[in-house]
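Shown next, in structure tokens, is the structure this report addresses.
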Amino acid sequence: MKKWMLLLSGLSFQALFGQISELESGWVNNGLEHSAIKSFSFGNIERLFDSSKVTKWDVFPDITGSYGNGQLKIQTGAGVALEAGLKQKWAIQLRYAVGYSNASNSSYSSDLHTKAFFMNRLSKTNPANNFLYNDIRFRMTYRPIKQIELQAGIDNHHFGEGDRSLMIGQQSAPNPFVKVTGSIWRLQYHFMQQLWSEGMFTNNYRPKGNATHYVSYKVNRNIHIGIFESVVYGMKDTLYNRGFEPEYANPFIFFRPQEYGVGSTDNVVLGLNASYQFGSHMIYGSFVLDEFLLKEIRARKRWWANKYAVQIGVKSHFVRGEHRWFHRFEANLVRPFTYTQIRPDVVYASENLPVAHPLGANFIELYDEVNWRYRNFDVTLFLQYYLKGHAEPNDNTGGDIYIPYTERKEEYNYTIGRGITQWRYMAGLHFAYGLRKNKWQVFIEPRLIINKIEKTVHTDGYFTVGIHRKIGAFRRNY
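Residue 484 in my numbering sits at position 177 of the sequence shown; the count goes up by one each step and never skips.
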């Protein structure tokens, strides 16, 4: 079986650039356990509960420069990280970075991917992107008993075993949240409330709430199944200040009946995760359902509102002495109009960034990565291919989730890639060397990107260098 997986690594021809995600550390380092819900910014929290008192802190640089397509993008700053545990019941994790960037919170591009909770434009009159970023990520955890955990803070979350998530992923900017986790027998239950928003630093600020259920069932050591339910609701508009919705605060109800009960047009998304582990390999998948009618699916007329997304992937981990290898191959498919709604305050997104897959909707993507680690060296080869449909003039084809689905021309014949069709190929290499006991990394990233839009082909080369803290580093792999 291992020979088969290595052969798959060699034959995979799609993929990316960047270091292996620290999101996989729980799976790779802890007995290859399933890790369906992961923290983006921090390492394993369990060590903070192992002793009666522990405090660790670190000051780190946050400097990145990228040149490509005739533009130089820079991010220069510094930060501090703090971790503390108290009485084996409390844990605090903090990471704060501040600095200058001329790259905004872009949803899908190949520059820096600066993602911060506060992005303040330095000049309102200067059209150039000059920002002061304050990136704060914080988690406070209280565990009164082993089976119950209460957590609050500002951070990203990642649901699923894939590098991308079709439910909630780490690619967007961090958001405030509170989360309750309960474990009993083979079941683990998560209930989370988040505060999303649109136009935070404009005169058109629109807060929006998100409530999420996630139930994980461990069938046995090899098989995990997770059920996901999430609702997005607007807290405020020009006529009504709705505020926090108490109907969604009950952790033991289904959101769809409550949505009908409050007479709203809130956005409910359902999902299923599944993973099967054998040895040092895992096959995983996700299915997300936004909206559908069974009779329309049976009719096979490609109705616009049959909105769903599918992910399937395989990942493997190998150890040969001091050499560590990681491989992943993943495919993602998202139907047109998935995650969309009538108004921006109920779109499944925050601050103009998709919360799930960063491509939004109306695409199919193939993604592959091979990572090699040896002592302080960290090398990754990435390849990626995707096909995506963009909106045409005066016609929404379901690719941009911020365009209301009412702005479409017809009811049927919506296939993936409809509209202005884009084919994208990307290949790159991430080479990093660890400093300060491998807490920091200095890195270089050469990348080649080929875009074909309709019959026009455009090729770009990017070269990125920098130094940053290893855990919580941004991955420019999309």
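A virtual CB, placed ideally from N, CA and C, is assigned to each residue, including glycine. If you're wondering where the values come from, they're calculated on a predicted model, not measured in any experiment.
Please state whether the Cβ-Cβ distance between residue i and residue j is less than 8 Å.
{"i": "K360", "j": "L393", "result": "yes"}
{"i": "I774", "j": "I381", "result": "no"}
{"i": "N482", "j": "V538", "result": "no"}
{"i": "E505", "j": "D652", "result": "yes"}
{"i": "V522", "j": "Y496", "result": "yes"}
{"i": "A780", "j": "Q748", "result": "yes"}
{"i": "T645", "j": "D702", "result": "no"}
{"i": "P451", "j": "K396", "result": "yes"}
{"i": "L688", "j": "L640", "result": "no"}
{"i": "T728", "j": "I649", "result": "no"}
{"i": "I455", "j": "F424", "result": "no"}
{"i": "G469", "j": "Q618", "result": "yes"}
{"i": "R725", "j": "N758", "result": "no"}
{"i": "M499", "j": "E658", "result": "no"}
{"i": "K746", "j": "R782", "result": "no"}
{"i": "I708", "j": "A656", "result": "yes"}
{"i": "P643", "j": "G578", "result": "no"}
{"i": "A398", "j": "I352", "result": "yes"}
{"i": "R471", "j": "H624", "result": "no"}
{"i": "I710", "j": "F670", "result": "no"}
{"i": "L473", "j": "V595", "result": "yes"}
Mapping DSSP to helix, strand and coil, what is residue i?
{"i": "D652", "result": "helix"}
{"i": "I671", "result": "strand"}
{"i": "I352", "result": "helix"}
{"i": "S316", "result": "The predicted model places S316 with a pLDDT of 38, which falls under 50 and marks its position as unreliable, so this point remains unresolved."}
{"i": "L666", "result": "coil"}
{"i": "L579", "result": "strand"}
{"i": "M426", "result": "strand"}
{"i": "N574", "result": "strand"}
{"i": "A404", "result": "strand"}
{"i": "W397", "result": "strand"}
{"i": "F347", "result": "coil"}
{"i": "K777", "result": "coil"}
{"i": "I475", "result": "coil"}
{"i": "W679", "result": "strand"}
{"i": "R627", "result": "strand"}
{"i": "P301", "result": "The requested residue 301 does not occur in the structure, where the chain is confined to residues 308 to 785."}
{"i": "A410", "result": "coil"}
{"i": "D702", "result": "strand"}
{"i": "A616", "result": "strand"}
Go to residue i, then tell me how far its alpha helix (DSSP H) extends in each direction, as first and last residue.
{"i": "R783", "result": "Unbroken run through R783: none, as it is neither H nor E."}
Between which two residues does the beta strand (DSSP E) harbouring residue i extend?
{"i": "L601", "result": "No beta strand (DSSP E) contains L601, which is instead part of the alpha helix (DSSP H) from 601-606."}
{"i": "N441", "result": "438-452"}
{"i": "H634", "result": "630-641"}
{"i": "E456", "result": "455-462"}
{"i": "T687", "result": "684-697"}
{"i": "E598", "result": "588-598"}
{"i": "I491", "result": "482-491"}
{"i": "Q378", "result": "378-393"}
{"i": "Y646", "result": "From DSSP, Y646 is part of no beta strand (DSSP E); its letter is neither H nor E."}
{"i": "W364", "result": "360-375"}
Skipping 5 residues on each side, what residues in its chain have a beta carbon closer than 6 Å to that of residue i?
{"i": "A581", "result": "I532, G592"}
{"i": "T771", "result": "S373, E752"}
{"i": "F349", "result": "Q400"}
{"i": "K363", "result": "E390"}
{"i": "T766", "result": "I757"}
{"i": "Q477", "result": "F347, N463, H465"}
{"i": "V387", "result": "V366, Y403"}
{"i": "K614", "result": "D597, E598, R642, F644, T645"}
Quick one: what's got a C-beta closer than 7 Å to residue i's C-beta in the same chain, skipping five residues either side?
{"i": "R563", "result": "With a pLDDT of only 49 at R563, under the threshold of 50, the placement of this residue in the model should not be trusted, and no figure is reported."}
{"i": "G460", "result": "F445, R446, M447, F484"}
{"i": "S430", "result": "N437"}
{"i": "V626", "result": "none"}
{"i": "R680", "result": "R631"}
{"i": "L439", "result": "Y407, N427, L429"}
{"i": "E566", "result": "Since pLDDT at E566 reaches only 46, below the 50 mark, its modelled position is unreliable, and no value is offered."}
Among residues of its own chain, excluding the 5 on either side of residue i, which ones have a beta-carbon nearer than 8 Å to its beta-carbon?
{"i": "Y719", "result": "K608, R609, W610, W611"}
{"i": "Y740", "result": "N683, F684, D685, Q748, V749, F750"}
{"i": "E761", "result": "I727, T728"}
Between residue i and chain C, is any beta-carbon pair separated by less than 8 Å?
{"i": "V772", "result": "Absence of chain C from the displayed structure is noted, only one protein chain being present."}
Which full runs of the beta strand (DSSP E) of 3+ residues lie inside the stretch 499-533, going along the chain? DSSP runs (the beta strand (DSSP E)) wholly in the stretch 499-533: 513-525.
Jot down the residue ranges of each uninterrupted beta strand (DSSP E) in the stretch 706-775, minimum 3 residues, whole runs only, in chain order. Listed in chain order, they are 727-742, 747-760.
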